[in-house]
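Below you'll find the structure, written out as structure tokens, and then a few comments.
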Ligand SMILES: [Zn+2]
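Shown next as structure tokens:
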């Protein structure tokens, strides 16, 4: 696949599909990292099939290539990681176009903003990636109930909490605008299976969003089977426990042989850097071990979240229990922002982050004993379906 990818030329518009019927807007991006063409190829394949079979379609599918120039050169990026440039303050400030990635971001932003101006509810964003290590595909979300609903339909492991470790992703940017946003990692960059997994994720999402009825996707059960088999024997939900941040001067090298969701014991040696051996701090599953040169995340550590707790948290949020948090000792609203709480961790000591996660908050900053958490922006899916 690698040689065919290197010669393949991508354009920003991979295509769109819809036949004028009202319905959801599904925005898909493939290749926001230029060394991950599988998502863009999968979107081309899905569009080809749609255009050949011309099924009735509620709403519109909009498919975009991410870092077009980098995709066409087969590199991850030239100057900046295009998936770390979406901090709201940076986007609002409309920075000058100085690098290749500035130009890519401006173009994407214009197209996405125009599409969102035309349609403000019933929007779902699907961001397609691959990883340098091999292993099962998985979905990534900011933990809102609507995101959960779509991501769990993919039947691959679901990862919660990545937005607390990585800032400036396009997924978070669109989520914080109030839309459903799912990241999907299909497998290893060069594996042909990754393209198939991406296609499966797009078809399933189009059905779950209500754009297509199941009967119009002849391979739907095969697509579901593909993703279920790829993640067999793995827990269905994980949360991020640790991110091993790296920079070039660390000379970080992952030890060979690790895959996504590789189980590790406490203090297991997993990598080396200029200071010596790198060990994991607690038992769990290794997640996204880095086997490529460019990147700022050496590896992550995740642990299983029992489905029971997902049920409890959905129930508590529907009851509005999140509005009672500030009654607890050591917890108060941030005076400037009613969606943020400041917690004195000397007073509120036990399971603070766990409780906040259950109730739909994310860790924002920690300054000494003061932990600031913010309510995740809840997504809207049109009338009577807000969650
Ligand atoms: Zn990526």
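In the working numbering, the protein residues as written are 6 to 392. Think of the CB as a built atom: it goes at the ideal place given N, C-alpha and C, for glycine as much as any other residue.
Starting from residue i, follow the beta strand (DSSP E) in both directions and report where the run begins and ends.
i: residue 226; result: Segment 225 to 235 is the alpha helix (DSSP H) holding residue 226; no beta strand (DSSP E) there.
i: residue 26; result: 26 to 35
i: residue 268; result: 267 to 269
i: residue 292; result: 289 to 292
i: residue 372; result: 366 to 372
i: residue 336; result: 336 to 339
i: residue 143; result: 143 to 146
i: residue 131; result: 128 to 136
i: residue 164; result: 163 to 165
Decide if residue i is buried, meaning its Cβ has at least 16 other Cβ atoms within 10 Å, or exposed.
i: residue 244; result: buried
i: residue 359; result: exposed
i: residue 298; result: exposed
i: residue 105; result: buried
i: residue 380; result: buried
i: residue 7; result: Confidence in residue 7 is poor, its pLDDT being 41 and thus under 50, which makes the residue's placement unreliable; the coordinate value appears in the next sentence. Exposed, by the Cβ-count rule.
i: residue 374; result: exposed
i: residue 237; result: exposed
i: residue 9; result: Low per-residue confidence applies at residue 9: pLDDT is 43, beneath 50, and the placement is therefore not dependable enough to give any value.
i: residue 365; result: buried
i: residue 391; result: With a pLDDT of 33 at residue 391, under the threshold of 50, the predicted position of this residue should be treated as unreliable, though the coordinate-derived value follows. It is exposed - the Cβ of residue 391 has fewer than 16 other Cβ atoms within 10 Å.
i: residue 279; result: exposed
Note the first and the last residue of the continuous alpha helix (DSSP H) segment covering residue i.
i: residue 216; result: It is not in any alpha helix (DSSP H) - residue 216 carries neither H nor E in the DSSP assignment.
i: residue 84; result: First-last for residue 84: undefined, no H or E at that position.
i: residue 193; result: Per DSSP, residue 193 belongs to no alpha helix (DSSP H); it is in the beta strand (DSSP E), 185 to 193.
i: residue 360; result: 357 to 363
i: residue 44; result: 43 to 58
i: residue 177; result: 175 to 181
i: residue 96; result: 93 to 97
i: residue 114; result: 105 to 123
I believe residue i touches residue j by the beta-carbon criterion, under 8 Å. Please report the beta-carbon distance rounded to the nearest angstrom.
i: residue 173; j: residue 134; result: At roughly 15 Å, the Cβ-Cβ gap does not stay under 8 Å, so residue 173 and residue 134 are not in contact.
i: residue 138; j: residue 248; result: With a Cβ gap of about 15 Å, residue 138 and residue 248 do not count as contacting.
i: residue 214; j: residue 60; result: Going by Cβ atoms, the distance from residue 214 to residue 60 rounds to 14 Å, so no, they are not a contact pair.
i: residue 205; j: residue 232; result: 5 Å
i: residue 363; j: residue 330; result: With 8 Å as the limit, residue 363 and residue 330 do not qualify as a contact, their Cβ atoms being about 10 Å apart.
i: residue 77; j: residue 37; result: Contact doesn't hold; Cβ gap of about 14 Å is too wide.
i: residue 70; j: residue 123; result: The Cβ separation is near 21 Å, so there is no contact.
i: residue 285; j: residue 277; result: At roughly 13 Å, the Cβ-Cβ gap does not stay under 8 Å, so residue 285 and residue 277 are not in contact.
i: residue 263; j: residue 291; result: 5 Å
i: residue 164; j: residue 143; result: 6 Å
With distances taken Cα to Cα, identify the nearest neighbour of residue i among the options.
i: residue 153; options: 180, 339, 44, 194; result: 180
i: residue 193; options: 202, 185, 186; result: 202
i: residue 67; options: 141, 136, 307, 120; result: 120
i: residue 309; options: 74, 241, 278, 292; result: 241
i: residue 270; options: 255, 109, 263, 287; result: 287
i: residue 175; options: 117, 252, 149, 259; result: 117
i: residue 72; options: 266, 372, 111, 101; result: 111
Identify every residue that forms a DSSP beta bridge with residue i.
i: residue 258; result: 277
i: residue 309; result: 243
i: residue 345; result: 379
i: residue 22; result: 66
i: residue 284; result: 274
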